[in-house]
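Novice:
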Amino acid sequence: MKALTLKRIFAAGTLALVANAACAAWPDDRPIELVVGFAPGGGTDVMARLVAQHLEKRLGANARIIVINKPGAGGEIAVRYVAAAKPDGYTLGMINAPGFVYLPLRKGAKYKPEDIRLIARLVDDPLLFIKRRGSSAPDDLPGLVQKLRQSSESLSFGHSGDGTTGHLALMDLEHSQGVRGNSIPFKGGGDIRLGMLGNHIDYGLITVSEVPELTDPNGPFAAIAITSDKRHNGTIPTAAEAGIALRYSSERGMGGPANLPESIRGKLEQALQDTLQDPAFLAASGRDAAVLAFQPGEQWKESLDRQTRAFQEQPASSQ
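Heads up: the sequence shown runs through residues -24 to -1, 1 to 295, numbered per mature numbering (1 follows the signal peptide of the UniProt record, and there is no 0).
1. Curious, which full-length beta strand (DSSP E) runs of at least 3 residues does the stretch 178 to 264 contain?
2. In the DSSP assignment, find the alpha helix (DSSP H) that holds residue 9 and state where it starts and stops.
3. Excluding the 5 residues preceding and the 5 following residue 268 in the sequence, name in chain order all residues of the same chain whose CB lies nearer than 7 Å to its CB.
4. For residue 284, I'd like the list of residues in its chain whose CB is within less than 6 Å of its CB, leaving aside the five on either flank, ordered along the chain.
5. Leaving out five residues before and five after residue 16 in sequence, what residues of the same chain have Cβ atoms less than 6 Å from its Cβ?
6. Excluding sequence positions up to five away, which residues of its chain have a Cβ less than 6 Å from the Cβ of residue 271?
7. Leaving out the 5 sequence neighbours to the left and right, which residues in its chain are closer than 8 Å to residue 225 when beta-carbon positions are compared?
8. DSSP on residue 17, reduced to helix/strand/coil?
9. At a cut of 8 Å, does the stretch 70 to 90 reach the stretch 236 to 245 through at least three beta carbon pairs?
10. So, residue 8 versus residue 58, is the Cβ gap smaller than 8 Å?
11. Please confirm if the stretch 184 to 191 is in contact with the stretch 115 to 125, defined as three or more CB-CB distances below 8 Å between the two stretches.
12. Alpha carbon to alpha carbon, how far is residue 235 from residue 11? Give it in angstroms, no decimals.
13. May I have a chain-ordered list of the alpha helix (DSSP H) segments no shorter than 4 residues that lie completely inside the stretch 65 to 119?
14. With a cut-off of 8 Å on the beta carbons, I'd call residue 257 and residue 136 a contact; round off their distance for me.
15. Check the C-beta distance from residue 247 over to residue 35 and give it rounded, since I have them as a contact under 8 Å.
16. Which partner residues of residue 279 appear in the DSSP bridge assignment?
17. Rounding to the nearest angstrom, what Cα-Cα distance links residue 211 and residue 199 in this structure?
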């Protein structure tokens, strides 16, 4: 019995040494995968690539980060990939809320929020209703709602998939106003923009950072409403001003597998905080700098836990 106990202690000690050695080598011995659950060109993808570029230098001289796109199922495919990865710091993912907590509750996603260890929130990006400039679609939310009341599904709305911010906002609008739109899922913000430019959809439900040309009066898109508490640039009206209480924002951050070691998680959190304060990063962010909103992983988890409880309290019929 004593020999068996000593053997177990030795085995446990050996595993601990191997784990410590792996953490000590991280991240210099091979590239880090940063997984994005949406197609290239959208807000999550653009931010991930910019963050990766500036984050590398804070993780070590030999650190390399490769962005990998795994679009589909509103981000579920990417989250499942990260959750199933070895917790060694070489597979990380961009996490998009509120879809991250909504999908397991309402759509039966094959992951649980606790399968991911949150590292930090990076962005709090309000949602817009935009249309192609010059299109015949109504120019404000009241006109939009009136047309849908007159003819159900007569207007089409592009969003990034079930459980994403745009999809949730559309369902909220439909439920609160007693109307129904034509919901069109895309793989990301870049595809939504193309759909609008091709006149395939009437509106895009897309975040501020995904429409950099918003301030250009001659640009291809015009925003009819923003789902935040205040106007964007003092010009784009809020949904609340139209008497429709829509408040939706895309929170984007970074996470890893549930058992990601604290030594790696903590180093990443600090490096991300430093990155978001770096003047070079802020300058490269351009208009995106306005939606940067760092939050430590544990605080972000508490916030998302509150969102989870709110979804649980809502009747399924409203979703």
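Built from N, CA and C at the ideal position, the CB exists for glycine as well.
In this text, all values refer to a predicted model and were calculated from it rather than measured experimentally.
Specialist: Here's the rundown:
1. The beta strand (DSSP E) runs of length 3 or more contained entirely in the stretch 178 to 264 are, from start to end of the chain, 179 to 183, 197 to 202 and 225 to 233.
2. Taken as a continuous stretch (DSSP letters only), residue 9 belongs to no alpha helix (DSSP H), being part of the beta strand (DSSP E) at 8 to 12.
3. The beta carbon of residue 268 lies closer than 7 Å to those of 98, 99, 252 and 261 in the same chain, with the five residues before and after it left out.
4. Cβ within range, chain order: 77.
5. Closer than 6 Å at Cβ, skipping near neighbours: 45.
6. The residues are 97.
7. The beta carbon of residue 225 sits closer than 8 Å to those of 100, 101, 102, 103, 141, 183, 203 and 204, all from its chain and outside the five residues before and after it, given in chain order.
8. The answer is coil: DSSP assigns residue 17 none of H, G, I, E or B.
9. No contact exists between the stretch 70 to 90 and the stretch 236 to 245.
10. No, the pair does not count as a contact, with Cβ atoms beyond the cut-off.
11. Flag = no, the stretch 184 to 191 and the stretch 115 to 125 do not touch.
12. About 17 Å.
13. Listed in chain order, they are 75 to 82.
14. Actually they do not touch by this definition, with Cβ atoms about 25 Å apart.
15. For residue 247 against residue 35, the beta-carbon gap comes to about 6 Å, under 8 Å, which counts as contact.
16. Under the DSSP definition of a beta bridge, residue 279 lacks any partner.
17. Rounded to the nearest angstrom, the two C-alpha atoms are 10 Å apart.
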